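Reviewing the structure listed below.
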Amino acid sequence: MNALSQLKISTRLAILVIAMGVLLMVIGGTGLYGMAQSDAAVEEGYKDSTVQVAKISNIKYLMIRNRLMIANAVIEQSPQSAELAGTEVRASINQIDGIWADYMSGLMTAEETTIARTYEEKRKQFVQDGLLPALTTLKANDFDGTRNVVVEKIRPLFDDALAAAVALEKFQLKEAKQRFETDSARYHTIQAISFTMIVIGLLFAVVFGYGLVRSITAALQQAIKVTQSVAQGDLTQGVEATGRDEISDLMRAVSAMQASLVKVVAHVRQGSESVATASAEIAQGNNDLSSRTESQASALEQTAASMEELS
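Our numbering applies: residue 2 is where the sequence shown begins, and numbers increase by one.
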């Protein structure tokens, strides 16, 4: 409280308001930063994981569809099914090429690049050594030859390419999990910082506010006590004013007023004593005058009596 009394009340209030404002800005800024980071993390997760996984899933679907289209043509063994399979498979190959080019245009880590290159090589073998030879035999309506290509080439090459695609998909899921764990850790860190700042702010407000109220009320109570004593005629109460705030200025003014009243009372007392002395002297003079008057009256009476005897 002594330290606070060295500051003006307006300064103390300004410190409290500024400190709470700074804490509010820090807490609010931390919250805004956390929300911005969360939004960026969601966007990054969508672009780098969700979209990429969707592309891989679409590629897997088209690969399976290509294999099924050729198998269906072998089962039906008709020129129409062979022609349809050729058209659909070639369209799917081109579609996969477009999806894959879009996938590879994104930013990738060294590990992802290695896995992607492995899939790219496996799929190239699947297309060059499996799908295209099968389409050639289908175009010639050589269904037995197509069956041999399916069994000897398409099936093993498809399994290898699909396994590489699954590995790439698992990598994306692993990256998404790591990103989630990082974002979760950031969230808990920001939460802890925000909670700590809130606790610090509350403690500061309580402690500083309590000290502020106590310093003001204690000084005011002392001022009230002194003024009540003065009002009752007691000018002996000591006034202590050691601070530099407005209350201390008030106490010093009260002390000066009390000292001035003491001087006034002393002067009045001296005047009263002087008046009492003068009154006593006047009374003594009156007594002397009365005695002389009585003596003169007695002398006059004696003179009158003597005159009567002479006459």
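Don't be surprised by glycine CBs; every beta carbon is placed ideally from N, CA and C.
Treat the numbers as computed from the prediction; the structure is a model and nothing was measured.
Proximity winner among the options, relative to residue i (alpha-carbon distances)
i, options, result
"F196", "L14, D289, L25, L17", "L25"
"R66", "E77, V52, A37, I97", "I97"
"A102", "Q222, I60, Q38", "I60"
"G22", "L203, M105, A117", "L203"
"N73", "R118, L136, K125, I94", "L136"
"K171", "M252, F205, E113, E77", "E113"
"S249", "K264, A277, Q223", "Q223"
"A254", "A111, V227, G234", "V227"
"A177", "T304, V54, A37, Q38", "V54"
"T110", "K175, L63, T294, M64", "K175"
"N95", "R187, R124, V200", "R124"
"S39", "P157, R187, V265", "R187"
"S230", "A206, F205, M258", "M258"
"G58", "A300, Q173, S273", "Note that residue 58 is Ser in the sequence shown here, rather than Gly. The candidate whose alpha carbon is nearest that of S58 is Q173."
"T88", "S106, L133, Y62, E302", "L133"
Exposure label - residue i; buried when at least 16 CB within 10 Å
i, result
"S307", "exposed"
"A164", "exposed"
"A166", "buried"
"S216", "buried"
"R13", "buried"
"L69", "exposed"
"E122", "exposed"
"Q271", "exposed"
"S261", "exposed"
"V90", "buried"
"S93", "buried"
"A220", "buried"
"R293", "exposed"
"I155", "buried"
"M36", "exposed"
"Q297", "exposed"
"A162", "buried"
"L108", "exposed"
"A141", "exposed"
"Q192", "exposed"
"I283", "exposed"
"E309", "exposed"
"S11", "exposed"
"S158", "With the sequence shown as reference, residue 158 is identified as Leu, and Ser is not the correct amino acid for it. L158 should be labelled buried."
"A83", "buried"
"I225", "exposed"
Assumed close pair residue i, residue j - CB separation to whole angstroms, cut-off 8 Å
i, j, result
"R180", "S79", "With a Cβ gap of about 50 Å, R180 and S79 do not count as contacting."
"V75", "V151", "6 Å"
"I146", "T138", "For clarity, residue 146 is Gly in the given sequence; the question names Ile instead. Between T138 and G146 the Cβ distance is about 4 Å, and since that is below 8 Å, they are a contact."
"K56", "Y120", "With 8 Å as the limit, K56 and Y120 do not qualify as a contact, their Cβ atoms being about 12 Å apart."
"A117", "L85", "The pair is not a contact, with the Cβ atoms about 32 Å apart (cut-off 8 Å)."
"I199", "I19", "Not confirmed; about 18 Å, so no contact."
"G210", "L17", "7 Å"
Mind pulling the alpha helix (DSSP H) runs of 4 or more residues that sit fully within the region 28-95? 52-77
Kindly provide the ranges of any beta strand (DSSP E) runs that are 3 or more residues long and lie completely inside the region 189-229, ordered along the chain. none
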